[in-house]
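For the sequence shown, this note's numbering assigns the number 932 to the initial residue and increments by one for each residue that follows.
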Amino acid sequence: MYSLIITAVLIIGAILVYRFRGPFVAALRRFDERNRQRIDDEISDRRDRFAHYKHTLRIAEEQVEEVGEIGVRDARTGQPLTRYVFEGEQFPSRDEAEAARHRSIVAKARMFYEDLPAALAHRRKETLN
């Protein structure tokens, strides 16, 4: 009786795996593609002397909010307008908002490099003790 239940569970499990194999295989392919891309990026970073700066900018970009879009009415005409918002400030064009976002990203990356000598000195102290 016990082996019959185990056999039934295995058969039902196999049927379910076969039935839903498409999304599972697609997820595995996406994982594999991201992994291959990461490995390719690491190999190309070894040859690029500015890779550290690019990586720092990518990390800083992840920490800065995206440009938002809102609809407002013109104060003079009452016509609907599209405004772009970044860090609570409204901009008339996406280019201006993206430029402000870019300045924020560069400032955040610059702060990292300003703090780097102190962090490295602190790390050196810990390894010497």
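Ideal Cβ placement from N, Cα and C applies to all residues, glycine included.
In this model, R1007 and R965 are separated by some 50 Å (Cα to Cα). The beta carbons of K1039 and A991 sit about 4 Å from each other, so the pair counts as a contact at 8 Å. The residues A1040, in chain order, have a CB closer than 8 Å to that of Y984 in the same chain once the five nearest residues on each side in sequence are set aside. Burial of A1028 is indicated by the presence of at least 16 other C-beta atoms within 10 angstroms of its C-beta. Judged by DSSP secondary structure, R961 falls outside any beta strand (DSSP E) and instead within the alpha helix (DSSP H) spanning 952-978. The straight-line gap separating the alpha-carbon atoms of Y1044 and I970 is approximately 26 Å. Taking C-beta separations shorter than 6 Å and ignoring five residues to either side along the sequence, the partners of L1012 in its chain run V1003, D1005, following chain order.
E1020 is the residue among H986, V995, E1020, R1034 whose C-alpha sits nearest the C-alpha of I1001. Rounded to whole angstroms, the Cβ separation of F1017 and V1037 is 14 Å, and the two are not in contact under 8 Å.
Burial state of Y933 is exposed, judged by a 10 Å Cβ sphere holding fewer than 16 other Cβ atoms.
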